[in-house]
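Undergrad: Chains as they are written, first to last, in numbering that gives the first Met the number 0: chain A, 0 to 636; chain B, 0 to 253. To start, I am sharing the structure in question, which I have written as structure tokens.
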Amino acid sequence: MRLDAKIPAGPVAEKWDLHRFGLKLVNPANKRKYEIIVVGTGLAGGSASASLAELGYNVKTFCIQDSPRRAHSIAAQGGINASKNYQNDGDSDWRLFYDTVKGGDFRAREANVYRLAQLSGNIIDQCVAQGVPFAREYGGQLANRSFGGAQVSRTFYARGQTGQQLLLGAYSALSRQIAAGKVKMYPRREMLDVVVIDGQAGGIVARNLVTGEIEKYSADAVVLATGGYANVFFLSTNAMASNVTATYRAYKRGAFFANPCFTQIHPTCIPVHGTYQSKLTLMSESLRNDGRVWVPKKPGDKRSPSQIPESERDYYLENKYPSFGNLVPRDVASRNAKEQCDLGKGVGETGLAVYLDFADAINRDGRDVITKKYGNLFQMYEKITAENPYETPMMIYPAVHYTMGGLWVDYNLMSTIDGLFVLGEANFSDHGANRLGASALMQGLADGYFIIPYTIGGYLAANTKKQVSTDHPAFKESADRIESGVKRLLSIKGKRTADDFHRQLGNIMWEYCGMSRNDEDLIKARKLIRDLRGEFWENVLVPGSDKDFNQSLEKAGRVADFLEFGELMVIDALARRESCGGHFNEGYQTEENEARRDDENFCHVSAWEYKGEGKDPELNKEQLAFENVKLTQRSYK
Amino acid sequence: MTKTLNLTLKVWRQNGPDSMGRLETYNAGDISTDMSFLEMIDVINEQLTIEGKEPIAFDHDCREGICGMCGTVVNGRPHGPEKGTTLCQLHMRHFSDGDTIVIEPWRSRAFKIIKDLVVDRGALDKIIQAGGYVSVNTGGAPDANAIPISQDTAEKAMDAAACIGCGACVAACPNASAMLFTSAKISQLALLPQGRPEAATRAIAMVRAMDELGFGNCTNERECEAECPKEISIVNIARMNREFFKAAFFSEVK
Numbered sequence: 000m001r002l003d004a005k006i007p008a009g010p011v012a013e014k015w016d017l018h019r020f021g022l023k024l025v026n027p028a029n030k031r032k033y034e035i036i037v038v039g040t041g042l043a044g045g046s047a048s049a050s051l052a053e054l055g056y057n058v059k060t061f062c063i064q065d066s067p068r069r070a071h072s073i074a075a076q077g078g079i080n081a082s083k084n085y086q087n088d089g090d091s092d093w094r095l096f097y098d099t100v101k102g103g104d105f106r107a108r109e110a111n112v113y114r115l116a117q118l119s120g121n122i123i124d125q126c127v128a129q130g131v132p133f134a135r136e137y138g139g140q141l142a143n144r145s146f147g148g149a150q151v152s153r154t155f156y157a158r159g160q161t162g163q164q165l166l167l168g169a170y171s172a173l174s175r176q177i178a179a180g181k182v183k184m185y186p187r188r189e190m191l192d193v194v195v196i197d198g199q200a201g202g203i204v205a206r207n208l209v210t211g212e213i214e215k216y217s218a219d220a221v222v223l224a225t226g227g228y229a230n231v232f233f234l235s236t237n238a239m240a241s242n243v244t245a246t247y248r249a250y251k252r253g254a255f256f257a258n259p260c261f262t263q264i265h266p267t268c269i270p271v272h273g274t275y276q277s278k279l280t281l282m283s284e285s286l287r288n289d290g291r292v293w294v295p296k297k298p299g300d301k302r303s304p305s306q307i308p309e310s311e312r313d314y315y316l317e318n319k320y321p322s323f324g325n326l327v328p329r330d331v332a333s334r335n336a337k338e339q340c341d342l343g344k345g346v347g348e349t350g351l352a353v354y355l356d357f358a359d360a361i362n363r364d365g366r367d368v369i370t371k372k373y374g375n376l377f378q379m380y381e382k383i384t385a386e387n388p389y390e391t392p393m394m395i396y397p398a399v400h401y402t403m404g405g406l407w408v409d410y411n412l413m414s415t416i417d418g419l420f421v422l423g424e425a426n427f428s429d430h431g432a433n434r435l436g437a438s439a440l441m442q443g444l445a446d447g448y449f450i451i452p453y454t455i456g457g458y459l460a461a462n463t464k465k466q467v468s469t470d471h472p473a474f475k476e477s478a479d480r481i482e483s484g485v486k487r488l489l490s491i492k493g494k495r496t497a498d499d500f501h502r503q504l505g506n507i508m509w510e511y512c513g514m515s516r517n518d519e520d521l522i523k524a525r526k527l528i529r530d531l532r533g534e535f536w537e538n539v540l541v542p543g544s545d546k547d548f549n550q551s552l553e554k555a556g557r558v559a560d561f562l563e564f565g566e567l568m569v570i571d572a573l574a575r576r577e578s579c580g581g582h583f584n585e586g587y588q589t590e591e592n593e594a595r596r597d598d599e600n601f602c603h604v605s606a607w608e609y610k611g612e613g614k615d616p617e618l619n620k621e622q623l624a625f626e627n628v629k630l631t632q633r634s635y636k
Numbered sequence: 000m001t002k003t004l005n006l007t008l009k010v011w012r013q014n015g016p017d018s019m020g021r022l023e024t025y026n027a028g029d030i031s032t033d034m035s036f037l038e039m040i041d042v043i044n045e046q047l048t049i050e051g052k053e054p055i056a057f058d059h060d061c062r063e064g065i066c067g068m069c070g071t072v073v074n075g076r077p078h079g080p081e082k083g084t085t086l087c088q089l090h091m092r093h094f095s096d097g098d099t100i101v102i103e104p105w106r107s108r109a110f111k112i113i114k115d116l117v118v119d120r121g122a123l124d125k126i127i128q129a130g131g132y133v134s135v136n137t138g139g140a141p142d143a144n145a146i147p148i149s150q151d152t153a154e155k156a157m158d159a160a161a162c163i164g165c166g167a168c169v170a171a172c173p174n175a176s177a178m179l180f181t182s183a184k185i186s187q188l189a190l191l192p193q194g195r196p197e198a199a200t201r202a203i204a205m206v207r208a209m210d211e212l213g214f215g216n217c218t219n220e221r222e223c224e225a226e227c228p229k230e231i232s233i234v235n236i237a238r239m240n241r242e243f244f245k246a247a248f249f250s251e252v253k
């Protein structure tokens, strides 16, 4: 199949305006005749639901939690970028666009990224109008900070809770539409299938997580905003319920999955402390501005950090990258931490950690200055680890926290299934092979507030309205399939829990398809995943019944999908015979151990097409054209 | 230093909203002091599953204290004994070997039990739907810097906006009042100029919704403030009362 991204003609800065003008409109009086399903209530889904309902569409919104206010967007700490140039420091749409394309290691679509930059300012306006309490200067103007190594201050923030405040803004707009009767809200529902009728998305089938009923919902268009799949690694900074099921099941119905191997690993997380660990906690990467990363020179040195003299410490980032030192980008810092631990130089009880030491910074600047900068982070660290980072070095280790891959979408954010739109982290479009800090919130809200309201209208207006109802046999076929899948999970009655399988899958993904990959490991991983999947379907133990509130059953269904999806990630990683951004294949690196891209052969999006159970997926390529940004090689020495 | 604990848990088990509940006793052996409280329940649940029993149902999601999904009453205190801490951020090092820990769901007429420790907090969403927003459609917002807001005001609004909607304030209150929750949203929007045009309607509608949903009144026990994991101050309740009286006496809003 030839992928048509539907990128509008014209100069990149004018594409969106020209495209909006070209899109057909739905008459205001006709909007109320359309039903739209939105799955997910994070920044993308929440803002889309509210904005579509404001336009007059009838919206049915679904979320997995007990309330739409709890989606995982809420956990984002740092901030949201916008090219407002309030600081007069040289920012512009062009600069934000350029930084994002380059940061993504030239694997994102120029037209989408430019539009994102163009819309970034509108997002801030909208959120302020809703009453989002962004940080302010003494004069009452909005405050900005520089973030993630950007050379301009374009990040807006609300303490360390920016994601929470933006999400509560979208949730308030959504609540207003629920009260107005334009959104019907379905909490504690898990989407288990997209229903496709004559090639068009006609609705979804979901499980009511309280009663266990399998429910059918029809619509004229379906919007997925179900987030990323980082939990395929079991341990990640994602919330416990974050999963791949909605997007993976859409993939099985014909939506292509793009660049699944592009995952981002964040270098400064609190290390794993035991096998019972359920998730990881991120610490802001700003800590590397003052902390020095080191490990003992001698492998297996178990002395406490204070007993290791200066001469026996290896400040490996400073030694290896003299000009950037501790401030190398996320992927480089992460890979080097793993390398040190693999050499047996890791610290802490598990040996899977490196020190981040503030002693020099405290001696130089004084404790007060450090407290002012990082006090809340030090406090959070102490709460979790019971260690005082003012006195003993912090221990950190990388963790998975974002996935750039997702369902393939065209410029209208529509997948390869007509009428199925995908927003936010669930799609692949804007971050290429690596996402920059403070860009996830921007993308989720741009998609939901300012893109989907236009493009979905264009789709609906161009299609003659067909009456879709849940009586259509496709709904029954889907519901029956789900029922039998649920019954099958419950009937196995094996000896291992779904969590146990998930943990093992996570280990495989982390070891062989994590921050540093090679062909041999990837081939091994594929076999290990297949074997584990085989065992899962013979030996999983799911307690309880299907017509009940059953968290074990929910979990088992998600793990079953992760066990298939993990293999797709490995297949994608093997097919991409280059290194770029978050995908580092050891066979493709520069002499400085940096990712070596192959722009001649791999300047494309890999979009995978499901070909049926037991069959290999088929690779479709969308060639990427860089007309405005010159392809260059990163270096940090 | 990591140690292990042996604990006795008494956990509220209830099959559904209409069934009788009971406290069941479980032994929790070899619990690492580095575990979070929810990880301890994970461990118990894995054991129960392997033994062929139904695991304990409990709500949780982000496990970093921000989503507001988790929360149970631990030894009589919502989110357990540590101040300003959600249950997912409470670590077992705050307990001692041999302790008995009683774990119960939030109790309030407005929060129906779904199963075991899981309750339906939909009533809190309904309070927000009654008016916890600024009525502004997407598009057409003025430039974000058009209205200056003093740093002090923005900070106070942020203090109130930090509420995670977990419901601990309701569980802590002897009257099962949702005043702290409701007042946090009313305060945030009353403090900001964007929220002023609707301040009177909002105060009346949200307070009315709160009453209709079965939440009790405030009798200044201050338990809500003491147990709030985000340490939201009852100053917000005072501000809500002022907004409510102003609206009721001096505005035309009914």
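Glycine included, every Cβ here is placed at the ideal spot set by N, Cα and C. Note that this is a predicted model, so its numbers are computed, not measured.
Let me know the beta strand (DSSP E) ranges lying completely inside the region 41–113 of chain B, each 3 residues or longer, listed in chain order.
TA: Segments of the beta strand (DSSP E) lying fully in the region 41–113 of chain B: 99–103.
Undergrad: Shortest alpha-carbon distance to A:A134 belongs to which of B:Y132, B:D142, B:P147, B:I127?
TA: The residue given as residue 134 of chain A occupies position 135 in the first sequence. The shortest C-alpha separation from A:A134 is found at B:P147.
Undergrad: At a CB-CB cut-off below 9 Å, which residues of chain B make contact with A:P452?
TA: On the first sequence, residue 452 of chain A is found 453 positions in, with the first residue counted as 1. Within 9 Å Cβ-Cβ: T137, G138.
Undergrad: Can you tell which of A:P295, A:T154, A:R158 has the C-alpha that lies nearest to the C-alpha of A:N375?
TA: Start at 1 with the first residue of the first sequence, and residue 375 of chain A comes out as number 376. Of the candidates A:P295, A:T154, A:R158, the one whose C-alpha sits nearest the C-alpha of A:N375 is A:R158.
Undergrad: Mind checking whether B:T1 and B:S31 have CB atoms under 8 Å apart?
TA: Position 2 of the second sequence, counted from the start, is the residue given in the question as residue 1 of chain B. Position 32 of the second sequence, counted from the start, is the residue given in the question as residue 31 of chain B. Yes, Cβ-Cβ distance for B:T1 and B:S31 is below 8 Å.
Undergrad: Flag this pair as touching only if the region 20–32 of chain A and the region 417–428 of chain A have three or more C-beta atom pairs under 8 Å; answer yes or no.
TA: As far as the Cβ criterion goes, the region 20–32 of chain A does not touch the region 417–428 of chain A, which means the pair count is below three.
Undergrad: Looking only at C-alpha atoms, which of A:C512, A:V628, A:L562, A:E626 sits nearest to A:E585?
TA: Indexing the first sequence from 1 puts residue 585 of chain A at position 586. For A:E585, the nearest C-alpha among the options comes from A:C512.
Undergrad: Could you tell me whether any Cβ in chain B is nearer than 8 Å to the Cβ of A:L191?
TA: On the first sequence, residue 191 of chain A is found 192 positions in, with the first residue counted as 1. Not one chain B Cβ lies under 8 Å of A:L191.
Undergrad: A:C268 by DSSP, collapsed to three states: which one?
TA: The residue given as residue 268 of chain A occupies position 269 in the first sequence. If DSSP states are grouped into helix, strand and coil, A:C268 belongs with the strands.
Undergrad: For A:N111 versus A:S605, is the C-beta distance shorter than 8 Å?
TA: As a position in the first sequence, residue 111 of chain A is number 112, starting the count at 1. As a position in the first sequence, residue 605 of chain A is number 606, starting the count at 1. No, they are not a contact pair.
Undergrad: Would B:Q256 pass as an interface residue toward chain A - the criterion being a Cβ-Cβ separation below 8 Å?
TA: Nothing can be reported for residue 256 of chain B: it is not among the residues displayed for chain B, which extend from 0 to 253.
Undergrad: Could you tell me which whole alpha helix (DSSP H) segments of length 4 or greater appear in the region 157–243 of chain B?
TA: You should have 167–171, 178–190, 198–211, 222–226.
Undergrad: In the DSSP assignment, the alpha helix (DSSP H) including A:Y354 goes from what residue to what residue?
TA: Against the first sequence, residue 354 of chain A aligns to sequence position 355. Not the alpha helix (DSSP H): A:Y354 falls in the beta strand (DSSP E), residues 353–356.
Undergrad: I want to see whether chain B comes within less than 8 Å of A:A229, judged by CB atoms only; does it?
TA: Stepping through the first sequence from its first residue, residue 229 of chain A is reached at position 230. A:A229 does not count as touching chain B.
Undergrad: Going by other Cβ atoms of all chains shown within 10 Å of its Cβ, with 16 needed for buried, is A:E309 buried or exposed?
TA: The residue you call residue 309 of chain A lines up with position 310 of the first sequence. A:E309 should be labelled exposed.
Undergrad: Is A:E424 helix, strand or coil by DSSP?
TA: Translated into the one-based positions of the first sequence, residue 424 of chain A becomes position 425. Looking at A:E424 - three-state DSSP - the assignment turns out to be helix.
Undergrad: Excluding sequence positions up to five away, which residues of its chain have a Cβ less than 8 Å from the Cβ of A:E381?
TA: Taking the first residue of the first sequence as position 1, residue 381 of chain A is located at position 382. Once the five neighbours on either side are set aside, the close Cβ partners of A:E381 are N387, P388.
Undergrad: If you run the structure through DSSP and keep just helix, strand and coil, what is A:F548?
TA: The residue labelled residue 548 of chain A in the question sits at position 549 within the first sequence. Three-state DSSP puts A:F548 in coil, outside helix and strand.
Undergrad: Pick out the complete beta strand (DSSP E) segments inside the region 248–313 of chain A, 3 residues or longer, and give them in chain order.
TA: List check, beta strand (DSSP E) in window: 262–268, 291–295.
Undergrad: Rank B:G28, B:Q46, B:H78, B:G131 by C-alpha distance to the C-alpha of B:E224 and give the top, closest one.
TA: Your numbering for residue 224 of chain B matches position 225 in the second sequence. For B:E224, the nearest C-alpha among the options comes from B:H78.
Undergrad: I'd like the list of long-range same chain contacts for A:L469, defined as Cβ closer than 8 Å, with 5 residues on each side in sequence excluded.
TA: As a first step, residue 469 of chain A is located in the first sequence; it is residue number 470 there, counting from the start. One detail in the question is off: residue 469 of chain A reads as Thr in this sequence, not Leu. Excluding residues within five positions, the ones whose Cβ falls inside 8 Å are G202, K215, Y216, S217.
Undergrad: What is the DSSP secondary structure of B:T7, reduced to helix, strand or coil?
TA: In the second sequence, the residue the question calls residue 7 of chain B occupies position 8. Correct three-state label for B:T7: strand.
Undergrad: If you run the structure through DSSP and keep just helix, strand and coil, what is A:S438?
TA: Start at 1 with the first residue of the first sequence, and residue 438 of chain A comes out as number 439. Of the three classes helix, strand and coil, the one that applies to A:S438 here is coil, per DSSP.
Undergrad: Buried or exposed: A:V399, going by 16 or more other Cβ atoms within 10 Å of its Cβ?
TA: In the first sequence, counting from the first residue as 1, residue 399 of chain A sits at position 400. Answer is buried; the Cβ neighbour count reaches 16.
Undergrad: Sort out for me which residues DSSP pairs A:D192 with in a bridge.
TA: Taking the first residue of the first sequence as 1, we reach residue 192 of chain A at position 193. According to DSSP, A:D192 bridges with A:V204.
Undergrad: Where A:L412 and A:I451 are concerned, what is the direct C-alpha to C-alpha distance, given to the nearest angstrom?
TA: Against the first sequence, residue 412 of chain A aligns to sequence position 413. Against the first sequence, residue 451 of chain A aligns to sequence position 452. Spanning the two alpha carbons is a distance of roughly 7 Å.
Undergrad: Give the interface partners of B:Q13 over in chain A, defined as CB-CB distance under 7 Å, in chain order.
TA: Walking along the second sequence from the start, residue 13 of chain B turns up at place 14. Ordered by position in chain A, no residue passes the 7 Å Cβ test against B:Q13, which lies about 11 Å from the chain.
Undergrad: Should B:I233 and B:R221 be called a contact, given that it needs their Cβ atoms to be closer than 8 Å?
TA: By 1-based counting over the second sequence, the position of residue 233 of chain B is 234. By 1-based counting over the second sequence, the position of residue 221 of chain B is 222. Contact flag set, yes.
Undergrad: Would you mind stating whether A:I196 and A:I481 have Cβ atoms separated by less than 8 Å?
TA: In the first sequence, residue 196 of chain A corresponds to position 197, counting from 1. In the first sequence, residue 481 of chain A corresponds to position 482, counting from 1. Cβ distance not < 8 Å, so A:I196 and A:I481 don't count as in contact.
Undergrad: To the nearest angstrom, how far is it from the Cα of B:G166 to the Cα of A:N57?
TA: Mapped onto the second sequence, residue 166 of chain B falls at position 167. Mapped onto the first sequence, residue 57 of chain A falls at position 58. Going by the C-alpha atoms only, they are around 30 Å apart.
Undergrad: Run down chain B in chain order and give the residues with a C-beta less than 7 Å from the C-beta of A:R158.
TA: The count along the first sequence starts at 1 and reaches residue 158 of chain A at position 159. Near A:R158 (Cβ distances below 7 Å), the residues of chain B are M157.
Undergrad: If distances are taken between C-alpha atoms only, which option among A:R487, A:S72, A:K183 comes closest to A:D545?
TA: Mapped onto the first sequence, residue 545 of chain A falls at position 546. Of A:R487, A:S72, A:K183, the residue nearest in Cα terms is A:R487.
Undergrad: Quick one: is A:G543 near chain B, going by C-beta distance under 8 Å?
TA: Position 544 of the first sequence, counted from the start, is the residue given in the question as residue 543 of chain A. By this cut-off, A:G543 is an interface position.
Undergrad: Indicate the three-state DSSP secondary structure (helix, strand or coil) for B:D119 in the structure shown.
TA: Counted from its first residue, the second sequence places residue 119 of chain B at position 120. Looking at B:D119 - three-state DSSP - the assignment turns out to be strand.
Undergrad: Where do the ends of the alpha helix (DSSP H) carrying A:A624 lie?
TA: Within the first sequence, numbered from 1, the residue matching residue 624 of chain A stands at position 625. Looking at the DSSP string, A:A624 is not in any alpha helix (DSSP H), and its letter there is neither H nor E.
Undergrad: Taking C-alpha atoms, which residue in B:H93, B:V206, B:L188 lies nearest to B:A198?
TA: As a first step, residue 198 of chain B must be located in the second sequence, where it is residue number 199. Comparing Cα-Cα distances from B:A198 to each of B:H93, B:V206, B:L188, the minimum goes to B:L188.
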